[in-house]
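These notes concern the structure reproduced below.
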Amino acid sequence: MVHRRSLIVAGVAAGLAAIPEFSGPRKVARGRSAAVPQESLPVLTLSWGEAGENSSRRPSSGPNGEDGYDRSMALSVIVHLRDDDAEEEFDRISALIEARMEQDVTIGGLAVDLELQTTRLFVDPRTGLPLGAGNLTYQVRYKTLASDPSVAAL
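Given below as structure tokens:
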């Protein structure tokens, strides 16, 4: 059984990998186990764990009257940058990501919708210099059966 959340993250990864700049191997990944080599940059990393997921029980949301959950997770698209002008590169890549995400707000029917919540370029607070990464956080809303989180609820 695969949690619907995993299917959603995989769907977003596939959509972002359709952007020509991110179509190569490991250019889009769910989490990373090692540092990204400089020559591979820019790359995207997807993560939902930082902000977690909220859910609320909804009675009679399955086809046979089963209970379900209305779920909402914050999905981070972390942008690892390469250029010296990190702000300009981040804005350029953010525009590509935002345009792609808006093409399918239901992620192929896996989600109810998604919405961009925050965009942030990481900067060293002491020096004001960019740290070579940024983040776009999307709120993804979806529904599952309480008894089987791989199945969509009504």
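Numbering that gives the first Met the number 0 numbers the first residue of the sequence shown as 0 and each following residue consecutively.
In this text, a Cβ means the ideal position worked out from N, Cα and C, and glycines have one as well.
What you are looking at is a predicted structure, and each value in this text was computed from that prediction instead of being measured.
Residue j beta carbon less than 9 Å from that of residue i
{"i": "Val-150", "j": "Gly-61", "result": "yes"}
{"i": "Leu-45", "j": "Arg-99", "result": "no"}
{"i": "Arg-56", "j": "Ala-145", "result": "yes"}
{"i": "Ala-152", "j": "Gly-67", "result": "yes"}
{"i": "Glu-143", "j": "Leu-115", "result": "According to the sequence displayed, residue 143 carries Thr and not Glu. Not in contact: Thr-143 and Leu-115 (Cβ atoms no closer than 9 Å)."}
{"i": "Ala-12", "j": "Ala-28", "result": "yes"}
{"i": "Gln-37", "j": "Arg-81", "result": "yes"}
{"i": "Arg-3", "j": "Pro-148", "result": "yes"}
{"i": "Asp-112", "j": "Val-122", "result": "no"}
Counterpart residues of residue i in DSSP-defined beta bridges
{"i": "Gly-133", "result": "Val-78, Leu-120"}
{"i": "Arg-140", "result": "Ser-71, Asp-112"}
{"i": "Ser-54", "result": "Arg-70"}
{"i": "Leu-153", "result": "None, per the DSSP bridge assignment."}
Candidates the options: closest to residue i by CA position
{"i": "Glu-87", "options": "Leu-120, Arg-70, Asn-63, Val-139", "result": "Leu-120"}
{"i": "His-79", "options": "Gly-127, Ser-71, Glu-20", "result": "Glu-20"}
{"i": "Asp-83", "options": "Ile-77, Gly-131, Arg-29", "result": "Gly-131"}
{"i": "Asn-53", "options": "Asp-112, Ile-77, Val-42, Asp-69", "result": "Asp-69"}
{"i": "Val-139", "options": "Asp-147, Gly-108, Asp-123", "result": "Gly-108"}
{"i": "Tyr-141", "options": "Leu-43, Ile-106, Pro-124", "result": "Ile-106"}
{"i": "Ser-5", "options": "Leu-40, Leu-74, Gln-102", "result": "Leu-74"}
{"i": "Leu-43", "options": "Lys-26, Val-35, Ala-34", "result": "Lys-26"}
{"i": "Gly-23", "options": "Ala-34, Ser-39, Ala-33, Asp-103", "result": "Ser-39"}
{"i": "Phe-89", "options": "Glu-101, Pro-41, Val-35", "result": "Pro-41"}
Per-residue burial, residue i [other beta carbons within 10 Å of its own, 16 or more giving buried]
{"i": "Ala-85", "result": "buried"}
{"i": "Gly-133", "result": "buried"}
{"i": "Thr-117", "result": "exposed"}
{"i": "Val-8", "result": "buried"}
{"i": "Thr-126", "result": "exposed"}
{"i": "Leu-128", "result": "exposed"}
{"i": "Val-1", "result": "exposed"}
{"i": "Ala-33", "result": "exposed"}
Residue i Cβ short of 8 Å to the ligand COA heavy atom set
{"i": "Asp-83", "result": "By its list of ligands, the structure shown contains no ligand whatsoever, and the ligand COA lies outside what it can speak to."}
Length at least 4, wholly inside the region 15-61: the alpha helix (DSSP H) runs in chain order: none
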